[in-house]
Structures are given as structure tokens and as C-alpha cells.
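Quick notes on the structure that follows.
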Amino acid sequence: MEHAVEMHGITRIYPENNLRANDAVDLTLRKGEILCLAGENGAGKTTLMKVLYGLERPDEGEIKVMGKPVVIGSPLDANRLGIGMVHQHFMLVDDFTVAQNVVMGVEPTQYGGLYDIKEAEKKVAKVISDHHFSVDVKKKVRNLTVGQKQQTEIVKMLYRDVDILILDEPTAVLTEQEIEALFITLRELARLGKSLILITHKLNEIRAISHRVAIMRQGKLVGTYDTAEVDEREISRLMMGQSVTLHLDRVETGFAAKPVIRFEDVSVLRRGQQRPLLDKVTFSANTGEILGFAGVGGNGLGVLEAVLGGFVPVTSGKIFHNEVETTNQGTASFRKDGLAYVPADRIEVGSAVAASVAENLIVNARSSFARHGVLDHKRIGAHAQSLLQKYSVKGTPGMPIGTLSGGNIQKVILAREIEQYKDYIVLSEPTWGLDIASSQYVYERMAELRGAGAAVILISSNLDEILAVSDRIIIFYRGAMVAVLAGHEAQGISKEELGAYMLGLKRQEALHD
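According to our numbering, the sequence shown is numbered sequentially starting from 1495.
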């Protein structure tokens, strides 16, 4: 079979910490196949793909594209060779529209060389329609949900008609329905002769979408296998060096159900729009429970997260913390009152990418590490090192956090927030980009927080996660609550039934009497 890509002996060493991110890796991608690239956090998957896309230069090794040796010095070189990449962290301009972001660098022009905005919107809309996405070409990126931003990144590469497409965790923030639609698109692209590499941690997706799976561990390629010949347990063992399964022990906490955070008829309206972004939302997050929120992108969960984080004011209704009203007091006040918050957008909201790991770990507690207004850097370094060890973060306190892998950035944010929480914590997409063992670690910390009496608010597009860990589940559709599931009802519901609520096909009438 003809090879679209051949990578031989690829080695990439970071001199600042002598980290061998890729160690003599050999990888082949066949024409017209979907290859999954799997491995734990820090295994070297993203670095290898950055080498292929021209974002990193290998210290050793050779790359061939369609049988010809090439030197890929930049993403522009990669694009010229027909290689595109959809990044885990979005490469979009917030103040530009979807269409402007998609055509950037290859803009259609009118007579005289002027940018033809109507033609751009027409062409981008066709790509969106052809591939069953749901995003408005005229909408500014800053107003998109995380899932819609991911779709825009994929559309950007499809617009360029690349023959080799790399996708880094493409389903991380998509709903089950969006994932199914994406997989239909990817299979069709492969059928048309395009070659795809998917970086993923999701074992069920490896089995569902790929022809072969290449597994990396500690910078080396363990092997490449026909997907039909390895099951999920074997893939897990090859990735981790041991067999790992996700599991959360459910034990009674013994805490009375005391409201920690309570919403009372909370609505959010945007000027010029008739339909509320949040519509009379009423719930309480109680001591010693994990309250899960599920919903399709664009149906209010992003707004709920922003309200809980103090970023968006409510138009009507009230918010209480321990029965003291805190409506519209803002992020600083919420933090002071006890908010711990892991946002869905780890780059723009959850971290300062140019700052060090240590600086990111103390950003909400700088005064605790200061003497007479001067930061005690020795204490900060020791504190950071202890958390890196505790949370198994691959990195050092002095490294810019932006140089870590996506999964390790998420671990740093989790470490900071879990260690500083008081009585409640908001976690939005907490395991996005984490491998199985790291996800299990997060679930265990969530269980510990629950067991200590915390109110744990989980917002997640991962239905398996919602079903596995939530004591109660609240489902959103068009900004409103359509179902509240508790106890056996929450633990016994199927993904199909949950999806019916999320798509507005089903609702609990008691909520709408």
C-alpha cells in the first residue's frame, strides 16, 4: 500500500531540560487510512505531529511525503505539501468571524485585489454544509462555544483541501452527536483518498474510527497495530505499561444535603436577542455531592460556566453561596468567597502561558507567598515542586507553562484549584486531553472532595464521564433545564436517553408545569 507519510528515526530533544520528547520514532501513514496516535500525557505524540507540521524541527531523522524526502521548516511548507493540522488549542482570532478565520491567508478577492467577504462566506458555508457542521460563518469567534471553535478549526483545514490531515484531540469537547457527525466526515474523507492522523486518549474512539493505531510511551514508538486485532484493554496496557480501567467508588458521604451554591430563577439575556442564554435556571449544588451538567454545545452550559466563574452577569434571578446572596459580585469576590474553578478553556482562561509553572500555581494565592510585599521565590519553588510530584506533572517549576503538553497544563490547573478550594469547585471539561490514568486520578480527587463535603459542579461534554461520576445530573436544552436526574435514575440512564433530553426530544414535564 502506498505511504502518504514516512517518518524515520525522528528524534526531538529540548535542550532547556534535556527532555527527549521523541526518541528515534518510525511512523508510517498509508494513503486513505485513518491512523490513531495514542499514548499517555507527555508520551511525545503532539511533538511528533508538530515535527510533521513544521512547528518543530527534528534533531535527527528523515520525513518522506508521497515517497519523496522533504524538509518541513514551517506550517506554510506543510500546507504546500498538502499537510494540515487541527490543534488541541485553538489557533483562531477572537475578533474575526468564522469565515475570516477560515480563509485567512488564502482569502478570495474581488477586482482590484480587495477582500471579497461575500465570496468568503459563501465558500466557507459550503464546506460547513458539506461536512454537517453547525456554526455560523458570520459569527465572531469570541462568541462561539468551545465545541464550535473546534469545528471552525476543522473547517479551516478542510477549506484548504489538504490531503494529509492531523487532528489533535478533535473530539475532546464535542458531544456524542457531534462526534458521530465528525466520524462520518472523517470516514468520507478517507474514502476519498485523504490520509488522517488522530491524536486521542479515548480508547472507544480508537476502535470506532481507526484502521490502525500507533502507540507511544515515554517518547518512543511501542508499535503500530491493526485496530481490529487489539482490544481496549490491550491498547491501555501498551500505552501505560499496565492495564487501566476507569472506575469511581460510590460511597455514602454521611453529609446532610446542605446547599452550598444555589441558583434561583437565574436568566441571562443578551441585548438584541429574544431567546435567553439561560432561562429561569434553578438548582442547588449540595455538600458531599457531584452535580453533573450535560448539554449540546450552544445550549447554555458555556454561559452557566461563565456565570459560575463570575464572568457574565445575570439579567434576573439570584445566586446564593451558603445562603448569602452573591448575585453579580464578579470573579474576584467569588474567589474570595471560596470559588475553585477549572475552566474549559485552559489556555485563554485557565493559565498564563508565558508565565512559569510556579507562577501559575500561586496566581490566586500570591499574598500567601509574600513577606512584606516581596514574593518568597524559594517557598514558591518548593510548593510548586511538591504539587508537580503529587499530580504527576512532567515539567519543572521554572518552565513556561505554555511549553508543557496540553494534558500537563490541565494537571497544573487542577493542582492549583483542588489545593486551594474551600467548599465548592467548578470543573468544566476537567479531563479534556488527559490519558486514562490521569483521568482516573482526577476522578479520585473528585471523589475525595465529595467525601470531604465539597460541592463538586461538573460541566462535561463527555457523557461517559457524566454518567460515571455524577450523583445528580441536570440536562440543558436551549438555555433551560429539561431534566433533573437523581440517585438510581441518574446512574441507570443510558447515553441514548440522555442524548434525547439534550436534543430537546424529551423533557421532564414536572420542570415545566
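We treat Cβ as the ideally placed atom computed from N, Cα and C, and that holds for glycine.
Check: CB contact flag (Tyr1937, Val1920, <7 Å); Outcome: no
Check: Integer-rounded CB distance, given that Val1806 should sit under 8 Å from Val1464; Outcome: There is simply no residue 1464 to check, as the chain begins at 1495 and stops at 2007 in what is shown.
Check: Cβ contact (3+ pairs, closer than 8 Å) linking the stretch 1684-1704 and the stretch 1518-1527; Outcome: yes
Check: The stretch 1868-1881 / the stretch 1842-1860 touching (three or more Cβ pairs under 8 Å); Outcome: yes
Check: Nearest-angstrom Cα separation, counted from Gly1844 out to Asp1655; Outcome: 33 Å
Check: Start-to-end residues for the alpha helix (DSSP H) that takes in Asn1535; Outcome: Premise fails: Asn1535 is in no alpha helix (DSSP H) and is neither H nor E.
Check: Counted within 10 angstroms of its Cβ, other Cβ atoms place Arg1944 as buried (16 or more) or exposed; Outcome: buried
Check: Sub-7 Å separation of Val1775 and Phe1787 beta-carbons; Outcome: no
Check: Per DSSP, cross-strand counterpart(s) of Pro2010; Outcome: Here the chain has residues from 1495 to 2007 only, and residue 2010 is not among them.
Check: Where Met1733 falls: helix, strand or coil (DSSP); Outcome: helix
Check: Per-residue burial, Asp2007 [other beta carbons within 10 Å of its own, 16 or more giving buried]; Outcome: With a pLDDT of only 47 at Asp2007, under 50, the local geometry of the prediction cannot be trusted, and no value is derived from it.
Check: 8 Å contact criterion, which Gly1889 and Ala1852 should meet: CB distance rounded; Outcome: At roughly 10 Å, the Cβ-Cβ gap does not stay under 8 Å, so Gly1889 and Ala1852 are not in contact.
Check: One or two residues paired with Ile1507 in a DSSP bridge; Outcome: Arg1514
Check: Contacting residues, own chain, Cβ-Cβ under 8 Å from Gln1914 (five flanking each side not counted); Outcome: Ala1834, Asn1858 and Ala1859
Check: Residue from Gly1832, Asp1958 and His1982 with nearest C-alpha to Leu1697; Outcome: Asp1958
Check: Endpoints, the beta strand (DSSP E) within which Val1790 is located; Outcome: It is not in any beta strand (DSSP E) - Val1790 carries neither H nor E in the DSSP assignment.
Check: Which of helix, strand or coil DSSP assigns to Met1598; Outcome: coil
Check: Pick from Ala1946, Gln1904 and Val1724 that is closest to Ser1886, judged by C-alpha positions; Outcome: Gln1904
Check: For Gly1892 and Ser1482, the rounded distance between their alpha carbons; Outcome: With the chain covering only 1495 through 2007, there is no way to say anything about residue 1482.
Check: Asp2007 (DSSP reduced to helix, strand or coil); Outcome: The predicted position of Asp2007 is uncertain, since its pLDDT is 47 and thus under 50; no value can be drawn from it.
Check: Cα-Cα separation between Glu1601 and Lys1558, rounded to whole angstroms; Outcome: 30 Å
Check: Own chain partners of Asp1720 with C-beta closer than 7 Å, once the 5 adjacent residues on each side are dropped; Outcome: Arg1706
Check: Top-ranked residue by Cα proximity to Gly1993, from Glu1615, Ala1977, His1982 and Ile1611; Outcome: Ala1977
Check: Thr1781 in three-state terms, based on DSSP; Outcome: coil
Check: Min CB distance His1625 to chain D below 7 Å; Outcome: Among the chains in the structure shown there is no chain D, since it carries only a single protein chain.
Check: Leu1697 in three-state terms, based on DSSP; Outcome: helix
Check: Neighbourhood of Asp1965 by C-beta distance below 6 Å, restricted to the same chain and skipping five residues each side; Outcome: Glu1783 and Ile1784
Check: Proximal residues to Ala1572 (C-beta, below 8 Å), its chain only, five neighbours per side dropped; Outcome: Leu1546, Tyr1547, Gly1548, Ile1566, Gly1578 and Met1579
Check: Bridge partners - Val1851, DSSP secondary structure assignment; Outcome: The partner list for Val1851 (beta bridge, DSSP) is empty, contrary to what the question assumes.
Check: Close-in-space but distant-in-sequence residues of the same chain around Thr1591 (CB under 7 Å, 5 per side omitted); Outcome: Val1631, Lys1632, Lys1633 and Lys1634
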